[in-house]
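Residue numbers (this note's numbering): 23 to 224.
Where a beta carbon is used, it is the ideal one built from N, C-alpha and C, also for glycine.
Since the model is a prediction, treat every value here as computed from it, not as a measurement.
Only one structure is covered here, and it is reproduced in the block below.
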């Protein structure tokens with residue numbers, strides 16, 4: 023006896039929902055892979071490298087993202103959503119993560135995100151208004167997140183209390199720019215030194 027395909031046993035509305043859910047998951051997989059490749063090789067990395075990271079064919083990527091600008095903007099929004107949502111518990115957690123640890127972890131992810139952010143201007147060179155709109159969204163959504171992390175760390179006595187979130191964000195961004203000029207530049211090391219300078223003794 024032949025077992026019917028699951029899709030054949032579901033009403034059309036349920037099949038449509040499942041297909042949309044599958045499409046979203048596939049797109050998320052592509053965006054995760056692209057973000058990894060961007061951090062490793064920059065936003066000009068060959069699309070075939072992203073396809074290999076995601077385990078899909080080139081046609082799949084071009085079907086979702088016809089141009090590189092489409093892909094860069096999608097990865098930017100994907101990473102922005104993750105940074106805005108995944109702050110964890112800024113007061114620390116039972117596994118031993120302190121508020122300062124939570125701050126450092128978020129900043130490391132933010133530094134990876136800046137690789138895509140810095141590639142936006144080139145990808146959207148013919149759409150200055152679009153770039154400025156995305157930049158404004160990035161500041162509006164992430165400054166409050168970083169402020170909460172800084173406030174929690176200062177309240178725990180682990181970092182200075184006079185640090186403004188936007189100032190720190192700009193400082194991290196400026197430290198990351200050196201990667202584009204000096205091949206051996208270690209942005210993460212410089213960011214670690216910056217965060218160490220914020221820490222309170224003891």
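Taking residue 146 as the reference, give the member of 65, 51, 54 with the closest Cα.
Closest option to residue 146, Cα to Cα, is 65.
Under 8 Å between the Cβ atoms of residue 198 and residue 209?
Yes. Within cutoff.
How big is the Cα-Cα spacing for residue 92 and residue 53?
Cα-Cα distance, rounded: 11 Å.
Okay, do the stretch 125–133 and the stretch 209–219 touch, 3+ Cβ pairs below 8 Å being the bar?
Enough Cβ pairs lie closer than 8 Å, so yes.
Grab me the residues of residue 88's own chain with a C-beta within less than 8 Å of its C-beta, minus the 5 sequence neighbours each way, in chain order.
Closer than 8 Å at the Cβ level, and outside the excluded window around residue 88, lies no residue.
Shortest alpha-carbon distance to residue 50 belongs to which of 70, 149, 82?
The shortest Cα separation from residue 50 among 70, 149, 82 belongs to 82.
Express the C-alpha separation of residue 223 and residue 75 in angstroms, rounding to a whole number.
Looking at the two C-alpha atoms, the distance is approximately 42 Å.
Consult DSSP for residue 203 and reduce its assignment to one of helix, strand or coil.
Three-state result, residue 203: coil.
For residue 90, which residues from the same chain have a beta carbon less than 7 Å from its beta carbon, with the 5 sequence-adjacent residues on both sides left out?
Around residue 90: 145.
Find the nearest neighbour of residue 180 within the set 94, 100, 125, judged by alpha-carbon distance.
The option with the nearest alpha carbon to residue 180 is 125.
What's the gap between the Cα of residue 172 and the Cα of residue 149?
Looking at the two C-alpha atoms, the distance is approximately 34 Å.
Can you give the Cα-Cα distance for residue 48 and residue 78, rounded to whole angstroms?
Taking the straight line from one Cα to the other gives about 10 Å.
Name the residue from 63, 217, 156, 152 whose alpha carbon lies nearest to the alpha carbon of residue 205.
Of the listed residues, the one whose Cα sits closest to residue 205 is 63.
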